[in-house]
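Protein chains in written order, with the working numbering: chain A, 1 to 238; chain B, 239 to 341; chain C, 342 to 893; chain D, 894 to 1196. For glycine and all other residues, C-beta sits at the position ideal for the given N, C-alpha and C. As the structure is a computational prediction, the values presented were derived from the model and not from experiment.
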Amino acid sequence: MRPGKQTLLNRLFPEGHAITQEGLVLRGWGGTKQGRVHVIGTTDHAAIDTRIALALSDAVLKAIAADGSDPRPIVFIADTQGQALSRREELLGLHGYFAHLARCVNLARQQGHRLVTLIDGEAVSGGFLAFGLLADCIVALPGAEVRVMDLRAMARITRIPFERLTELAQTSPVFAPGAENYWRMGGIQALWTETEDWSEQLLALLQGNPEDERARLGAERGGRMLADLVAQQVFHAH
Amino acid sequence: METLHLDLPAIQDASLNPRAALYGVVSSGNLEVLVERGHDATRCVFEVQTAAHGFVEVWKAVLTDFAARHPVGGLSFAIHDAGATPAVVSLRLDQAFQSLRGA
Amino acid sequence: MNALQPIRTWNHEALRRQARLERSTPFSRGKAVAARDMVSLLEALLEPGDRVCLEGNNQKQADFLAESLAACSPQRVHDLHLVQSVLALPAHIELFEKGIARRLDFSFAGPQAHRLARLVQSRSIEIGAIHTYLELFGRYFIDLTPQVCLIAAQAADAEGNLYLGPNTEDTPVIVEATAFKSGIVIAQVNEQLERLPRVDIPASWVDFFVVAPTPNHIEPLFTRDPRHITEIQVLMAMMAIKGIYAEYGVERLNHGIGFDTAAIELLLPTYGESLGLKGKIARYWALNPHPTLIPAIEAGFVERVHSFGSEVGMEAYVAARPDIFFPGADGSLRSNRAFCQTAGLYACDLFIGSTLQIDLEGNSSTATLGRITGFGGAPNMGSDARGRRHASAAWLKAGQEKNGGQTPARGQKLVVQTVETWREPGHPAFVERLDAWQLKQDMGMALPPIMIYGDDVSHIVTEEGMANLLLCRSPEEREQAIRGVAGYTPVGMARDHALVENLRDRGIIRRPADMGIDVRDATRDLLAARSIKDLVRASGGLYQPPKQFRNW
Amino acid sequence: MRGLAQSYREALARLRVQALLDPDSFSEWVDPAQRVTSPHLAALEAPVSFDDGVIVGQGLLYAHPVILIAQEGQFNGGAVGEVHGAKIRGALLRAVRDKPSAVLLCIDSGGVRLHEANAGLIAISEIMRALFAVQEAGIPVIALIGGTCGAFGGMGIVARLCDVIIISEEGRIGLSGPEVIETVKGVEEFDSRDRALVWRITGGKIRRTLGEATLLVDDDIAAFSAAAGEEVGARPRFFKKRRLTPAISLQTLQAAQQQLSARAELDAEIRDGQVLWSRMGLGDQVSLMSPEQFNRRLEALES
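Pasting the structure below:
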């Protein structure tokens, strides 16, 4: 395991942890003052392919099976550059593997597992959607990069000048990469800083409401004014 | 984006009972048109938002001919254009109007 | 009488041919040449300034030979004069960039139009003329006879007999002109066979053949995916069928390439049938095997089709419909551009095609600034053949209209231009002055590259309506008839409204409603096929579309 | 004079909605006249649409009440932005409350709308969670896929979360579009212009073959409607009942895990649907088989 990841785990779980890396998948447990939590994640900006997705869903299913009626929290560590780009993977139905993983994550929530995602490194589009973004609570660690696409690529595809995008990104959180932008839109609940005690902060997140509050949060923070409003309009329309 | 507002005299067909309705689609070379009831039975109002710049005169000509061609008094047409040719514009407007009549 | 006068030799060309062959012997075994020896062979037999026909059709390309020629040393091979119908490959352009070739007489340069224009501007090329196909073929036998031709065939046998496959195109006319004038004929083939399905070119006309490392490139140029046909094109097709095909009783015709004409083909079994036109119109065609013609063939509209070339994927369908097409005894299509162009010019009553620009006289052009495209088949098909002597109902009716209703001494071909008034915002199809004139000036040409001359055009169809130019009695009327269907283009908006209404009263301009066409009926539901898959189904699975056209 | 089916692929979303449901039964929520358009597109000077590219509402499918969500693939590739996503989420949440017979999800989307990428990505995650809530309430979600954009990116994942996927041969489901893979990995990896190949990788027939779609139908709105009608129990079932994933439980997901693992272990030669079909003995006849023939053949092979 990279020294950086090791340091992260030590800071999160001063009570001790046993987390192994197989390929680019992390799995194991971490100790907190409230007891052990499951740790499942990826490292080294993993491009999520069918094997990684299967390893992650396997870890989630095993956690559910192991805990039975006493569900412990699951801490996801997300570090992904997105989905693997491959013809074979597409043929096999990578989207289906991601959907399966999402279902497993949701089953864990249904079974009472608290779900927390820590973004360490990168969290990019498809790879992030499959598990990290489905947690009850999502945190970006310092230096975390969250995005769908960088602005140069976006400029190329949308044919909007790069300069114009850069300028608009100063005021709008809606399209430019950045954990801060996701925080403003309610997609990330918290941004941790380098100096805080992460084990204490994690502890505080291990309880809470499993409802999806992101749209409301986005409106509160002023970054996403329509998501909740329009959903409510549809909900109450005659 | 360029916008154009046009308010033209028009004859009303009282038998038309327009529900607001949307026709077409905003895709390259195409447009959508939202037909609604207007405020004045003797006028027809057009609001155009277009991606193609510099065609105000052409739009005016197309819409003026359309308003002369059909009894569109008391109607308003809101258009989002993504570079439709005048032929497509006329066709969509005709289709939208004919659908009101047919419905 | 005068003993000092030198004795003239009468077999200079044959001797020169003999010398070429002798220089080539180290690089061939009989007529067979190995692919790796082709460059050496060309360097040995070619002489500076030779007239060379490097077979480039609009579909089949002698691509291996083109690349071999381009790989020759410009020190040994230079200043060639290329005489070929189509300049399609990057290698064709390279010949001029490297100085291997210097002069060009041709017809069409679609894919290389930009680079060709740059060559002209940098004075790296001399263009003799941009010809129609038949003109160029004619000149092969008069003053542009090739000394060497490099052609493409499907297969050769050990003796050098050639089988051309369904894409015959220009090959017979090129070989005929070269072989019988002491020239050298070199063929690239896709395969060597024990026995050919049929012999299209006898071995005695062929000097060398080479099995190319990869099969020659064939562009599926005539495949139009019905998916892209618009409602506007459906509307214009309805006008063409009802207002022209039905009214003149057009039985023999040619269609240009494009979605406008594909729409007509796909409307025959639906709209055409509903008007009771089966057996009355569109029975005999000079046309490549367009996939979009399949539904009309299956519906029984079409009786015979002769083709310039073939079309990729249509082989099995054509072979299974021998009554319609011209297959050899072996079952595969025989096409021939020279004969089919002749058929289009003299034996057809109607040509219909699209264009990029039309001016106030009805001249049309596909030339735009910075591109030298040349012409395809349109100028021959889209011209009134004044040498024609046989009558037909459509030809006589058109002639009578042109002659003010009096019985004329000759008929008139129907030449129809069908265009949407705006191609896209910023590009009107109707213009005061064709770009062709500017191009003539920029490129120092003798003539503007006009595709179809206005005085040959009988009708213009746009989404606004149809103008019958045969009925116009003065240049002013003609101009207003054109403006009157030019829609919201600047040309159209500058019309004299009173005059246009007058022309409409006289039936010179007709709107869809005047023809009994309800614009609301113009939907894609009228198309007999709306996708390539529909065409495959209509063919009973015989049509095998190229992979880029399939979405299953 | 017609003779051709009403193409699902060609139809605009509004026409699909009308033709899928019982006549005049559809009522739309937050309709175009309310002009709830995307402020983010407008800020980038990109054209907006009165419905932001998605139609949501309720109607009757063979007299059964359904909630219907239909993306317009021709507007910005059916991509999900803030408003677009919120409309879908609102309709799903409403399904939990209103308990219709089913939710019909007409997906026609390339995934996240780049002009508002962050909002789109979060929205898709919210849609996933709302979809789970619908299923937990015991309401089936039926995906209909046959538009020009297919179901890609996040919407490919959403598609696969549905209880049933009805797809036409022209429909496609996947994660990354072929153009993206070609751009990043090169044309040798995936030639996006080889349309036949693209469909052998992501098209309706290969998805049905792998069990990634429930039923293959003709490119005909009536065929989609009839198949959806079978799923709500309004019509007799023509083919055997198949669900993509039975009700979610630890056991069913463990079973799915095994099945997916087995597929991932397939040898490396499997890079083209044709190879699979050849091994199944379907040879090269697949491309011309009608949906009905194809469903029958697969049903025979599966039993």
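Since residue i meets chain C, which of its residues come closer than 7 Å, beta carbon to beta carbon?
i	result
Leu937 (chain D)	Simply none; closest approach about 20 Å.
Using a C-beta to C-beta distance shorter than 8 Å, which residues of chain F count as neighbours of residue i?
i	result
Val1073 (chain D)	The structure shown contains no chain F; the protein chains it does contain are A, B, C and D.
For residue i, would you say it is in contact with chain B, using Cβ-to-Cβ distances shorter than 8 Å as the test?
i	result
Arg895 (chain D)	Low confidence applies here, because Arg895 (chain D) scores a pLDDT of 42, under 50, leaving its location unreliable and the question unanswered by this model.
Glu438 (chain C)	no
Ile622 (chain C)	no
Phe1045 (chain D)	no
Pro907 (chain C)	Limits of chain C in this structure are 342 at one end and 893 at the other, which puts residue 907 (chain C) out of reach.
Gln951 (chain D)	no
Glu572 (chain C)	yes
So, using beta-carbon positions, are residue i and residue j closer together than 8 Å?
i	j	result
Asp700 (chain C)	Leu780 (chain C)	no
Ala777 (chain C)	Pro789 (chain C)	yes
Ser1061 (chain D)	Asp1111 (chain D)	yes
Asp1113 (chain D)	Gln911 (chain D)	no
Asp541 (chain C)	Leu503 (chain C)	yes
Pro636 (chain C)	Pro663 (chain C)	no
Phe716 (chain C)	Thr555 (chain C)	no
Indicate whether at least one CB of chain D lies closer than 8 Å to the CB of residue i.
i	result
Glu167 (chain A)	no
Glu90 (chain A)	yes
Val327 (chain B)	no
Ala226 (chain B)	This structure leaves residue 226 (chain B) out entirely; chain B is present only between 239 and 341.
Ser199 (chain A)	no
Asp212 (chain A)	yes
Ser337 (chain B)	no
Arg114 (chain A)	no
Using a C-beta to C-beta distance shorter than 7 Å, which residues of chain B count as neighbours of residue i?
i	result
Asp945 (chain D)	Per Cβ cutoff of 7 Å: no residues; Asp945 (chain D) is ~10 Å from chain B at best.
Ser994 (chain D)	Residues of chain B passing the Cβ test: none, with the nearest at roughly 27 Å.
Under a Cβ-count criterion, where at least 16 other Cβ atoms within 10 Å of its own Cβ denotes burial, should residue i be classed as buried or exposed?
i	result
Leu8 (chain A)	buried
Ala708 (chain C)	buried
Asn892 (chain C)	buried
Gln1186 (chain D)	exposed
Pro324 (chain B)	buried
Ile348 (chain C)	exposed
Leu345 (chain C)	exposed
Arg895 (chain D)	For Arg895 (chain D), the pLDDT reaches just 42, beneath the cut-off of 50, and the residue's location in the model is therefore unreliable, although a value from the coordinates is still provided. Classification of Arg895 (chain D): exposed, given that the 10 Å Cβ count is below 16.
Phe482 (chain C)	exposed
Taking 8 Å as the threshold (beta carbon to beta carbon), is residue i in contact with chain C?
i	result
Leu269 (chain B)	no
Thr348 (chain B)	Absent from the structure is residue 348 (chain B), since the part of chain B shown begins at 239 and ends at 341.
Trp922 (chain D)	no
Gly1096 (chain D)	yes
Ala1036 (chain D)	no
Residue i versus chain D: which residues are under 9 Å apart at the beta carbon?
i	result
Leu217 (chain A)	Within chain D, no residue comes near Leu217 (chain A); the closest Cβ sits about 10 Å away, beyond 9 Å.
Gly882 (chain C)	Leu1181
Closest Cβ-Cβ distance between residue i and chain A: below 8 Å?
i	result
Ala1030 (chain D)	no
Ser1171 (chain D)	no
Phe919 (chain D)	no
Where does residue i fall in DSSP's three states?
i	result
Tyr901 (chain D)	coil
Arg909 (chain D)	helix
Asp446 (chain C)	strand
Pro940 (chain D)	coil
Arg895 (chain D)	Legend: pLDDT at Arg895 (chain D) = 42, less than 50; position of this residue unreliable, value from coordinates given subsequently. Note: Arg895 (chain D) maps to coil in three-state DSSP.
Trp351 (chain C)	coil
Gly1122 (chain D)	helix
His318 (chain B)	strand
Glu644 (chain C)	coil
Show which residues of chain C have a CB atom less than 8 Å away from the CB atom of residue i.
i	result
Ala252 (chain B)	Within chain C, no residue comes near Ala252 (chain B); the closest Cβ sits about 22 Å away, beyond 8 Å.
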